[in-house]
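Q: Note that the sequence shown ends on residue 187 in the working numbering; no numbers are left out.
We treat Cβ as the ideally placed atom computed from N, Cα and C, and that holds for glycine.
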Amino acid sequence: MNSLRTAAIRPARQFARSFHAAQPRLTGQTVEATSATFEKLVTKADHPVIVDFYADWCGPCKMLGPLLTKSVAANPKVTLVKINVDDNQDIAAKFKVAALPTVSAFNDGKIVDSFVGMRNGPMVDQFVKKHAELA
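1) Is it the case that the Cβ atoms of SER85 and ASN140 are separated by a distance below 9 Å?
2) Quick one: what's got a C-beta closer than 6 Å to ALA187's C-beta in the same chain, skipping five residues either side?
3) Count the other C-beta atoms from every protein chain shown that fall within 10 angstroms of the C-beta of ALA144, then say buried if there are 16 or more, exposed otherwise.
4) Shortest alpha-carbon distance to PHE105 belongs to which of ASP160, ALA150, ASN172, PRO174?
5) Look at the Cβ atom of VAL164, then the Cβ atom of LEU152, and state whether they are nearer than 9 Å.
6) Could you name the residues of the same chain whose beta carbon sits closer than 6 Å to that of THR82, not counting the 5 residues immediately before and after it, in chain order?
7) Using a Cβ-Cβ cut-off of 9 Å, state whether PHE90 counts as contacting chain D.
8) If you drop the 5 nearest sequence neighbours on each side, which residues of the same chain put their C-beta closer than 6 Å to that of PRO174?
9) Give me whichever residues DSSP pairs with SER123 in a beta bridge.
10) Could you compute how far the alpha carbon of LEU119 sits from the alpha carbon of ILE102?
11) Could you round the C-beta distance between PHE90 and ILE135 to whole angstroms and report it? I think they count as a contact, below 8 Å.
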């Protein structure tokens, strides 16, 4: 009876280990990053990531943000990571963000494309789809 009990428990333990070992994929979602989480969410991601460098006081950033969120939700192969440059000046300096909004596409931990300034909905969709296809 003891061997039956052990055999019945093993699959549950094996499942629990594989479940907890897997890193959650945040594709299709919008996530707020900080200096502490940026590397894990962006440079170590195993899929394309769109990064929106913004500030709360930036009018065009407030208009562009919802367009990016909507487009990424429609393209679940990418993640949108938002980083407030006022709160995370070290990240903004590292990636030489000189104007807002700046949107950068990362793949394999490197910037592969970017744009600065406001874009209309179709242009944002085209940018996101282009990078979703890299997944």
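A: According to the structure shown:
1) The sequence given here places Ala at residue 85; Ser does not occur at that position. Cβ distance < 9 Å, so ALA85 and ASN140 count as in contact.
2) HIS99, PRO100, LYS129
3) buried
4) ALA150
5) LEU152 is positioned such that its CB atom lies no closer than 9 Å to that of VAL164.
6) THR121, LEU132
7) Note that chain D does not occur in the displayed structure, where there is just one protein chain.
8) none
9) Beta-bridge pairing links SER123 to no other residue.
10) Spanning the two alpha carbons is a distance of roughly 12 Å.
11) With 8 Å as the limit, PHE90 and ILE135 qualify as a contact, their Cβ atoms being about 7 Å apart.
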